Each structure stands twice: as structure tokens, then as C-alpha cells.
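Chemist: Handing you a structure now.
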Amino acid sequence: MTMPVEIVTIPCLSDNYAFLVHDTASGQTALVDIPEAAPILEALSTRGWVLSEVWITHHHDDHVQGLVKVLEAHPARVTGAAADAHRLPPLDRSLSDGESFDFAGHSVQVMDVSGHTKGHIAYYMADASAAFTGDSLMALGCGRLFEGSADQMWQSLSKLAALPGDTIICSGHEYTASNAKFALTIDPHNPDLISRNEKIVSARAAGSPTVPSLLTLEAATNPFLRAANADIRAGLDMPDATDAQVFAEIRARKDAF
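Going by the numbering used here, the sequence shown opens with residue 50, and the numbers climb by one from there.
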């Protein structure tokens, strides 16, 4: 059986990822984030794909700086957040939280996931069981709070955590090994986390990516999604705090890790 949508993970720079989303029936292809042009253009050329769309998650250079060169080779429609349009490359389509658009017959939902930056968005594609989360929810982590607040990020992560458990989380960086080391300081007796860490160590030793990851796995192992967990709360001596307060403490500890 041919899958209706194919997702290709493209390593870029030293630890970034871009993603190609290819509709097999129409041949249309979208690109999520553009850290650098060369590996993206190579991936398109190798597969004989022509780029139709670009979806930007947020304004940081390591997610947009390859756009000009990519568009020179593949003129494509560029989508980004309306709230961030003033500091993104020129957009052909500006969208806000809760809006959706059609890609080759597939609905793509836009989700505001501010926290790492204000105006950061994620793209959820139910037909592909995939969410492109940039630097919001990441493999065993979440983005540093450069612009938004801990409350904002907790709301964003809670929104993503409510997606179907079989959703593939396509995040923007290969930070998983260092995230796992930190997670074990917060949730040291979690057997799922211990097992996942062992697999991460093996994958990275083999040069294999650890992104994307399954949302159910993140829910079971990612401390930034587990602020309600009694063992984590006990370890932080925060049994009566709100989930947002527990998250804020975990994020502060990660910043200092």
C-alpha cells in the first residue's frame, strides 16, 4: 500500500532538521523550515521532486536562512505566522492559530505554540499523523524561552500533547541525547525513559537521527510534558504546585543544566 504522504527528514547545519512533505498522488511537495539550502536542494534533486510550498515555524535564522537559495531553484508559496510576518521573510500566506489550509487535498492546521518565540507556530497534518513543531515540543525537550513565558510554553505544550497519540513529532533539532541526560535528573526511575536513553545512545553512536518521535513516547518520557506526574513533583518538592509552576521549575533547571 502506498502511503498518501511521505515525510523526509533532512539534517542541516550542525544539529538542525528540515522536513519535506510529499503527496504521492499529486506530486506536490512542501518544505518545513529552511536552515540551509544545499541539503534541501540535494534531497529534492535526488527524488526528482519539485517544491510547491514552504512552511516556516518561526523567525530564527537557523530556520529561515536558506530560503532565498531554495526559492531561486524552486519558486514556491511561502507560509508563516501572521503574528510574526514583520520579521519573517516575505510571505505569500500569513496564518493565525486555529486557521487551516489545503495542501494537495490534505488539511493542515496552524497552531500557535508561542514560548520559544512569540508568534511561533506548528503545523498539524492529520492525514499524515504528523505535527511539525519547530522549537516548541522537541524530542525529550522543549525550546528555550527566548521571548515567551513559561505559562505560554506550558499552554503550547498542552495543546500539542492533546493531539492523537500516534502523531509523529517532527521537531527542529538533534538535541535528544543532551535532553535525555537532563530528563534523567528529573525523572530518574522512569523505566520508559531509561530504555529510551539507551536507544538514543545507540542511535547517535551509529549516526542515526532521533527525530522525529512519537507523541506517545514523548508523553511517557519527556519531563516537559509530565508536570502532573507525582514522582516528578515529589522529586522537585512541589506536590501542591500547579502544572505550569512545575513546568517552569523544570525549564529553569534545564537552562542551568
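Beta carbons: idealized from backbone N, C-alpha and C, even for Gly. All values derive from a computational prediction rather than experimental measurement.
1. Using the C-alpha atoms, what's the distance from residue 167 back to residue 184?
2. Quick check on residue 234: does DSSP put it in helix, strand or coil?
3. From the DSSP secondary-structure annotation, give me the bridge partner or partners of residue 174.
4. Given that a residue counts as buried once 16 or more other Cβ atoms are within 10 Å of its Cβ, and exposed if not, what is residue 273?
5. In or out: residue 283 buried (at least 16 other Cβ within 10 Å) or exposed?
6. For residue 51, does the count of other Cβ atoms within 10 angstroms reach 16, so buried, or fall short, so exposed?
7. Can you tell me whether residue 99 is buried or exposed, with buried defined as 16 or more other CB within 10 angstroms of its CB?
8. At a cut of 8 Å, does the region 240 to 252 reach the region 81 to 100 through at least three beta carbon pairs?
9. For a quick check, are the C-beta atoms of residue 23 and residue 197 less than 8 Å apart?
10. Under three-state DSSP, which class holds residue 246?
11. To the nearest angstrom, how far is the alpha carbon of residue 111 from that of residue 139?
12. For a quick check, are the C-beta atoms of residue 128 and residue 103 less than 8 Å apart?
13. How about residue 57 and residue 83: do their beta carbons lie closer than 8 Å?
14. Confirm, please, whether the CB-CB distance from residue 182 to residue 144 is below 8 Å.
15. Please state the DSSP three-state secondary structure of residue 90.
16. Can you give me the start and stop residues for the beta strand (DSSP E) that residue 102 sits inside?
17. Which residue's Cα is closest to the Cα of residue 203: 262, 297, 63?
Modeler: Quick answer:
1. 12 Å
2. helix
3. 157, 179
4. buried
5. exposed
6. Any reading at residue 51 is ruled out, since the residue's pLDDT is 48, under 50, leaving its predicted position unreliable.
7. exposed
8. no
9. Only positions 50 to 306 of the chain appear in this structure, which leaves residue 23 out of reach.
10. helix
11. 16 Å
12. yes
13. no
14. no
15. helix
16. 102 to 104
17. 297
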